[in-house]
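Here the protein sequences line up with chains Z and V, keeping their order.
At position 5 of the first sequence (counting the first as 1) the number is 5 in the working numbering, and the numbers step up by one without a gap.
At position 11 of the second sequence (counting the first as 1) the number is 11 in the working numbering, and the numbers step up by one without a gap.
Heads up, the beta-carbon is just placed ideally off N, CA and C, and yes, glycines get one too.
None of the values given here were measured: they were computed from a predicted structure.
First comes the structure, then the notes that go with it.
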Amino acid sequence: MNPADLKEQIEGRWPGKTQVGRDVSSSTTEVTCTRAVLADLCRCIFQHWGFGFAGLIVEEDSNAWQLRYVFYGERDAGWVHIVVSAPVADNVFPSVVEWIHAADWHEREAEDLFGVRFDGHPHLGDFVLHNDAWQEDVQPMRHGFDAQAALRHRLPDADWRPRRIVQEPGAFVMPVGPKFSGVTESVHFLLETVGEDVIRSSTRLFYKWRAIEKLAEGKTVDEVLLLAERFAATTAFAHGLAFCQAVERVSGAELPARARALRVFLAEIERLRQHAGAIQGICESTALVVANSQAGLLEEELLRVSGELSGHRYLFGLLTPGGLLCDLPTNACRIALTQSQDILKRLNELERRLSISSSFLDRIEDVGVVRLSAATDYSLVGPVARASGLVRDLRRAQPYSGYETFDYHVPSEQEGDGYARLRVLFAEARQSVRIIEQATAVLKEGDVCKTVEFRPGAALGWVEAPRGGTFHWVRLDEGGRVARYRVVTPSFINWHSFHLAAEKFAFQDFPIILSTFDLSVAENDR
Amino acid sequence: MSQWVIKGIGTGIKTTAYPRGAERAAGVTPGLPRGGDVGAAAPALVERCLTHALEHTNGVISVDSRRCVHCYRCVRGVGQPLNWEATYEWGSTIATPGLKNELGQPFRRSIHVLVVDAGDCGACLNEVKQLNNPYYNMHRLGFFITPTPRHADVLLVVGPVTDQMRFALRKVHEAMSTPKRVVAVGACALSGGVFAKSFVCSNGVADVLPVDVEVPGHPPPPLAILHGLLVAVGRKQPLPLAAAGYEPT
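Below is the structure:
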C-alpha cells in the first residue's frame, strides 16, 4: 500500500478523528489520532495492510504523554507512526495487544517503567522491575526520577513465586538460572513439566537491566554513543550505527560517500562474525566436538580480522555522527576481504559436513518450530523470522547507508525449525561476503567525516543488525543533548516468541533450541 | 562420522604459544593507552576522555586502565594521539594487607572456574567463551569451566553488577568452598564502565564482593583473561600496580 492510498483509507474510515501528515524525506506517514480509534487503527495497519510492528515509544513532556506506535512496510509503503497524546494526569490508554500481539512486551515495559496503564492488557506488572526485589510504585523512566541517586530496594522475598500456567496433577516447575551452565548470560527459565517432557516454558528476563534509556537522558550525543555501542557489544557496530543514523536524521546531515561505503563494509564484517559465533553456539549445543572446534576457529579468526582492521575486536570507537572517527586504509580493507573470503570457504565446507552428519541433523531438525503465522503475530525479525518464511530485511525494505546500490539476496526458509535457522545463518554469511566485496570495490578516496550541527527534534534510526531489525528513537533538545532515547532491539522482539519454540519438548533439546535462536540477553535487557 | 575425525586431525595444532612464549598474531588484542609526556596537548586529551580514565600533571598523562572503555577518543580525531600499547598481560592483584591473592601450590595446575554474568554487554562473556576454542584451549593449562559453585575455586565475574543480579552473585560466592578467589574481568566489573553511576548498577564487583585479581579492558582479549587466571594460581606475575595506572597502597 502506498502512502497516498494509506492517507485516503485512514481519512475515509475515521473522518475527523485522525490527522494524517507525510514527511517525504524519511518516508514516514504520521497519523495523530484519539484514544477511541487507536486500537481499531492499529488493527487495520497490522492485520489488514500487512505492516510489521517496530515498537512503542513512550515520551513524557512537561504536561502530556505521547505514545508513538511505529510500523514499517515494504519499500514504497515506508513507515507509519500512530501518535496518541493525553494529559499527564490521565495515564490510561487502550491496550492494542488483542490485535497486535507483538505489542505485548512493549506495553508491559511501559507500564513498569512509566506507570502508564493499558486498559485490556491481560497481564501487566513484574516485567523489567522484578516484583520480588523492587518497591511498589517506582517509575524510573518518569521525569524527576534521579538516575544517579541510589535507590533502596527490598531484600529479595524468599516466598515470592512466579505465576504458573500448567495446573495438572503432579506438575512441577524446574527453575533454570539466572546462573546456569558454563559461559552463559544471566536469564531465568521456568520449565513446567510433569516428568519427562517440558510442557511449557516461560522466560524471566531483565536481570541485567542497566537502564541505558534512563542513563542517556540529559547526556551529550557523544556520551550516549558510548552507551549505544556498549550495551550489547556483540553487535556493537549495528547499534552504534542505528543511533548515529537517528542523530544524523534529526540534524539533516549528509554523509561522504566513503563513510557510507565503509559503514556497510564494517556492518557486514560484524554480521559475518556474529553469524559464525551463532553457528559455533549451535555446534556446541549439539555436542559435536570437532564441528564446535572448527566453528570456534572461524569465529576467533573473524575477531582477529576485525582487530587487525580496526584496532578493536568488536569494532568499538569507529562511529561518530557524520561518518567515522577515523579512516580505514583501502589496502587494509582489501586484506580483510581476502581473509573473509578464505574464512567463508571454510564455513561452506563446515556446512557441507554438517548437512551429512545424521546425528547432528537428528537433534536439530523439527526442533523449536516457529510457524509463519506465529512469526507474523509476533512481528519477528532477523534470521529467526526469515527461517519461518517471514522475509523482512530492513536493508531491502527501508535501505540506509546506500544498501540499495548493492546486489545481494535475502535468504529465507519455510520450515521454521532449528535446521532452517542454521541454513539461513550460513546463507546470510555468504551474502555478507558478497556485500563486503562490492563495498571494497566502490571505496573511493575522500573524507570519512563531516561535522554535524545538532538540531532539536526527534527521529528514528534503523539498522538490520545481525540478529534482526533494530530501531533507535532519539530526541535532541535545544542544547543538543539527548532528551529521550528509546531502543528496540531484535533480541527483545525475538525473546518474546521464544516460549513458542520451547513448548512440548524433551529437556535435552533445551540448549539446542536456545542456541538456534541466537538471542542476546544484554541486547534485550538494555 | 569418520569425516570429523579426519578433519580434526588434518587441522593440526592451532594453539597459541602463550604462556610459554609470546603470541604475535595480529588482532589478538585491542591494546591499552599507556600515557606519557604529550606536552601542551594533555588537557585536551584528558577532556576528550568520557570515562575519566586520563589525568595529567605538567603535560604527563597517567591512565587508570580500570576506567578505559576503548572509545579511542584519545587517539582518533586528535592532532597528537596518546601512546597505545598492544600488550595483553593485564591481570593485576589488589594488595590487601595480610591476604595472599594467589590460590597457592595445590591449585597451580588445576582450577575450576565459575563464570557469572552480572550485567555484561556480551563482549567480555564472548571473550571468556573464546578461551575454550582451539586457539586458546585453556584445558591444556588445567583450567576448566564449571557450572556449579560447589566445584569452583575461582569466581570469574563480568559486568558492573546490576541490582537484580547482586543477590544471585552473593549467593554464588557464599556457596563456593574455601579457598576461593574472585577475578573481576572487564572495565565494567572494575569501575562500572559507562553504566556507572546509576540507580540500578554498582560501580563494579568490588562493591559487592572482595576482588583478588583484576583484568581491565573493554573487553579484555582472551589472552588477558588467561593471564588473570594464571595470576590467580600464581603461575604468572601480576602487572605491577604502577603500570596498571593506580598508586600502590
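Checklist line | Inter-residue Cα distance where the pair is Z/Gln508 and Z/Asp40 | finding: As a position in the first sequence, residue 508 of chain Z is number 508, starting the count at 1. As a position in the first sequence, residue 40 of chain Z is number 40, starting the count at 1. If you draw a straight line from the Cα of Z/Gln508 to the Cα of Z/Asp40, it comes to about 43 Å.
Note to self: Taking the straight line between their C-alpha atoms, what separation do you get for Z/Ala233 and V/Ser202?
What the structure shows: As a working mapping, residue 233 of chain Z is identified with position 233 in the first sequence. As a working mapping, residue 202 of chain V is identified with position 202 in the second sequence. Rounded to whole angstroms, the separation of the alpha carbons of V/Ser202 and Z/Ala233 is 20 Å.
Check: Is the shortest distance between the beta-carbon of Z/Phe426 and the beta-carbons of chain V less than 8 Å?
Finding: Within the first sequence, the letter at position 426 stands for residue 426 of chain Z. Between Z/Phe426 and chain V, the shortest Cβ-Cβ separation is not below 8 Å.
Check: At a Cβ threshold of 8 Å, is V/Met165 touching chain Z?
Finding: As a first step, residue 165 of chain V must be located in the second sequence, where it is residue number 165. Output row for V/Met165: interface = yes.
Next item on the list: Tell me, please, whether the CB atom of V/Val115 is closer than 8 Å to any CB atom in chain Z?
Entry: Sequence index remark: in the second sequence, residue 115 of chain V carries index 115 (1-based). Chain Z contact via Cβ: present.
Next item on the list: Output the distance between the C-alpha atoms of V/His151 and V/Ala175, rounded to the nearest integer angstrom.
Entry: Position 151 of the second sequence, counting from 1, holds the residue named residue 151 of chain V. Position 175 of the second sequence, counting from 1, holds the residue named residue 175 of chain V. For V/His151 and V/Ala175, the gap between their C-alpha atoms comes out near 10 Å.
Checklist line | Buried or exposed (CB count within 10 angstroms, at least 16 for buried), V/Thr249 | finding: Here residue 249 of chain V corresponds to residue number 249 of the second sequence, with the count starting at 1. For V/Thr249, the pLDDT reaches just 37, beneath the cut-off of 50, and the residue's location in the model is therefore unreliable, although a value from the coordinates is still provided. By the 16-neighbour rule on beta-carbons within 10 angstroms, V/Thr249 is exposed.
Note to self: Checking 8 Å against the spacing of the C-beta atoms, do Z/Ser293 and V/Pro134 come in under that value?
What the structure shows: The residue you call residue 293 of chain Z lines up with position 293 of the first sequence. The residue you call residue 134 of chain V lines up with position 134 of the second sequence. Going by C-beta atoms, Z/Ser293 is nearer than 8 Å to V/Pro134.
Next item on the list: To the nearest angstrom, report how far apart Z/Leu476 and Z/Asn63 are at their CA atoms.
Entry: In the first sequence, counting from the first residue as 1, residue 476 of chain Z sits at position 476. In the first sequence, counting from the first residue as 1, residue 63 of chain Z sits at position 63. Z/Leu476 and Z/Asn63: Cα-Cα distance of roughly 18 Å.
Next item on the list: Run down chain V in chain order and give the residues with a C-beta less than 8 Å from the C-beta of Z/Tyr485.
Entry: On the first sequence, residue 485 of chain Z is found 485 positions in, with the first residue counted as 1. Neighbours of Z/Tyr485 on chain V: none; closest Cβ ~13 Å, over 8 Å.
Next item on the list: Please state if the CB of Z/Leu390 and the CB of Z/Leu361 are separated by a distance shorter than 8 Å.
Entry: In the first sequence, counting from the first residue as 1, residue 361 of chain Z sits at position 361. In the first sequence, counting from the first residue as 1, residue 390 of chain Z sits at position 390. Between Z/Leu361 and Z/Leu390, the gap from beta carbon to beta carbon reaches 8 Å or more.
Next item on the list: Starting from Z/His130, find everything on chain V with Cβ-Cβ shorter than 8 Å and list it in chain order.
Entry: The sequence position of residue 130 of chain Z within the first sequence is 130, counting from 1. Ordered by position in chain V, the residues that pass the 8 Å Cβ test against Z/His130 are Gln164.
Next item on the list: Just tell me which of V/Val211, V/Asp120, V/His139 and V/Leu125 has its CA closest to the CA of Z/Arg526.
Entry: Taking the first residue of the first sequence as position 1, residue 526 of chain Z is located at position 526. If we check each option's Cα against that of Z/Arg526, V/Asp120 comes out closest.
Next item on the list: Count the C-beta pairs between the stretch 249 to 266 of chain Z and the stretch 444 to 464 of chain Z that are closer than 8 Å, then say yes if the count reaches three, no if not.
Entry: Contact holds: three or more Cβ-Cβ distances are below 8 Å.
Margin query: One question on the structure: do Z/Gly469 and Z/Leu394 come within less than 8 Å of each other, judged by their Cβ atoms?
Written below: Here residue 469 of chain Z refers to the residue found at position 469 when the first sequence is read from its first residue. Here residue 394 of chain Z refers to the residue found at position 394 when the first sequence is read from its first residue. Yes; because the gap between Cβ atoms is below 8 Å, this pair is in contact.
Check: Where Z/Tyr400 and Z/Phe237 are concerned, what is the direct C-alpha to C-alpha distance, given to the nearest angstrom?
Finding: Residue mapping note: residue 400 of chain Z aligns to position 400 of the first sequence, counting from 1. Residue mapping note: residue 237 of chain Z aligns to position 237 of the first sequence, counting from 1. In this structure, the CA atom of Z/Tyr400 is about 14 Å from the CA atom of Z/Phe237.
Notebook entry, point to check: When the Cα atoms are used, what is the spatial distance from Z/Ala295 to Z/Ala276?
Noted result: In the first sequence, counting from the first residue as 1, residue 295 of chain Z sits at position 295. In the first sequence, counting from the first residue as 1, residue 276 of chain Z sits at position 276. About 7 Å.
Check: Are any of the Cβ atoms in chain C nearer than 8 Å to that of Z/Ala150?
Finding: In summary, chain C is missing from the structure at hand, where the protein chains are Z and V.
Notebook entry, point to check: So what's V/Gly31 in DSSP terms, helix, strand or just coil?
Noted result: Residue mapping note: residue 31 of chain V aligns to position 31 of the second sequence, counting from 1. In this structure, V/Gly31 counts as coil in the three-state DSSP scheme.
Checklist line | Opening and closing residue of the alpha helix (DSSP H) in which Z/Trp495 lies | finding: Here residue 495 of chain Z refers to the residue found at position 495 when the first sequence is read from its first residue. For Z/Trp495, the enclosing alpha helix (DSSP H) covers residues Pro490 to Ala501.
Note to self: Using a 10 Å radius around the Cβ and a threshold of 16 neighbouring Cβ atoms, would you call Z/Arg161 buried or exposed?
What the structure shows: Taking the first sequence and counting its residues from 1, one reaches residue 161 of chain Z at position 161. Under this definition Z/Arg161 is an exposed residue.
Next item on the list: Look up Z/Ser359 in the DSSP assignment and say whether it is helix, strand or coil.
Entry: Within the first sequence, numbered from 1, the residue matching residue 359 of chain Z stands at position 359. Helix, per DSSP.
Checklist line | Neighbour flag for V/Tyr88 against chain Z, beta carbons, 8 Å | finding: As a first step, residue 88 of chain V is located in the second sequence; it is residue number 88 there, counting from the start. Interface annotation, V/Tyr88: not in contact with chain Z, CB-CB separation never under 8 Å.
Note to self: Within 8 Å of any Cβ in chain Z, is that where the Cβ of V/Phe143 sits?
What the structure shows: Locating residue 143 of chain V in the second sequence gives position 143, counting from the first residue. Output row for V/Phe143: interface = no.
Notebook entry, point to check: By Cβ distance below 8 Å, which residues in the same chain neighbour V/Val161 in space, the five residues on each side in sequence not counted?
Noted result: Taking the first residue of the second sequence as 1, we reach residue 161 of chain V at position 161. Only Ala118, Gly119, Leu169, Ala189, Cys201, Ser202, Gly204, Val205, Asp207 and Val208 meet the Cβ criterion.
Check: Under the rule that 16 or more other beta-carbon atoms within 10 Å means buried, what is Z/Asp159, buried or exposed?
Finding: Sequence index remark: in the first sequence, residue 159 of chain Z carries index 159 (1-based). Looking at its Cβ environment, which holds fewer than 16 other Cβ atoms inside 10 Å, Z/Asp159 is exposed.
Checklist line | Own chain partners of Z/Glu445 with C-beta closer than 8 Å, once the 5 adjacent residues on each side are dropped | finding: If you number the first sequence from 1, residue 445 of chain Z lands on position 445. For Z/Glu445, where only same-chain residues beyond five positions count, the Cβ hits under 8 Å are Arg258 and Thr330.
Checklist line | Under 8 Å between C-beta atoms of Z/Ala102 and Z/Tyr485 | finding: If you number the first sequence from 1, residue 102 of chain Z lands on position 102. If you number the first sequence from 1, residue 485 of chain Z lands on position 485. For Z/Ala102 and Z/Tyr485, no; Cβs fall outside 8 Å.
Item checked: Range of the contiguous alpha helix (DSSP H) that encloses Z/Arg200 -> Residue numbering aside, residue 200 of chain Z sits at position 200 when the first sequence is read from its first letter. Note, Z/Arg200: premise wrong, no alpha helix (DSSP H); beta strand (DSSP E) at Asp197 to Arg204.
Checklist line | Min CB distance Z/Lys541 to chain V below 8 Å | finding: With chain Z covering 1 to 526 only, the question about residue 541 of chain Z has no answer from this structure.
Check: What residues are listed by DSSP as bridge partners for V/Ala53?
Finding: Looking up residue 53 of chain V in the second sequence gives position 53. Under the DSSP definition of a beta bridge, V/Ala53 lacks any partner.
Notebook entry, point to check: Just reading off the alpha helix (DSSP H) that V/Thr178 is part of, what are its end residues?
Noted result: As a first step, residue 178 of chain V must be located in the second sequence, where it is residue number 178. No alpha helix (DSSP H) contains V/Thr178, which DSSP labels as neither H nor E.
Margin query: Taking CB distances under 8 Å as the criterion, tell me whether V/Gln3 reaches chain Z.
Written below: Stepping through the second sequence from its first residue, residue 3 of chain V is reached at position 3. It does: the Cβ of V/Gln3 has a partner Cβ on chain Z nearer than 8 Å.
Checklist line | Exposure label - Z/Ile165; buried when at least 16 CB within 10 Å | finding: Here residue 165 of chain Z corresponds to residue number 165 of the first sequence, with the count starting at 1. That one is exposed.
Item checked: Min CB distance V/Ala184 to chain Z below 8 Å -> In the second sequence, the residue the question calls residue 184 of chain V occupies position 184. Taking 8 Å as the threshold, the shortest C-beta distance from V/Ala184 to chain Z does not fall below it.
Margin query: With three or more C-beta pairs closer than 8 Å as the rule, is the stretch 72 to 83 of chain Z touching the stretch 176 to 190 of chain Z?
Written below: No, they do not touch.
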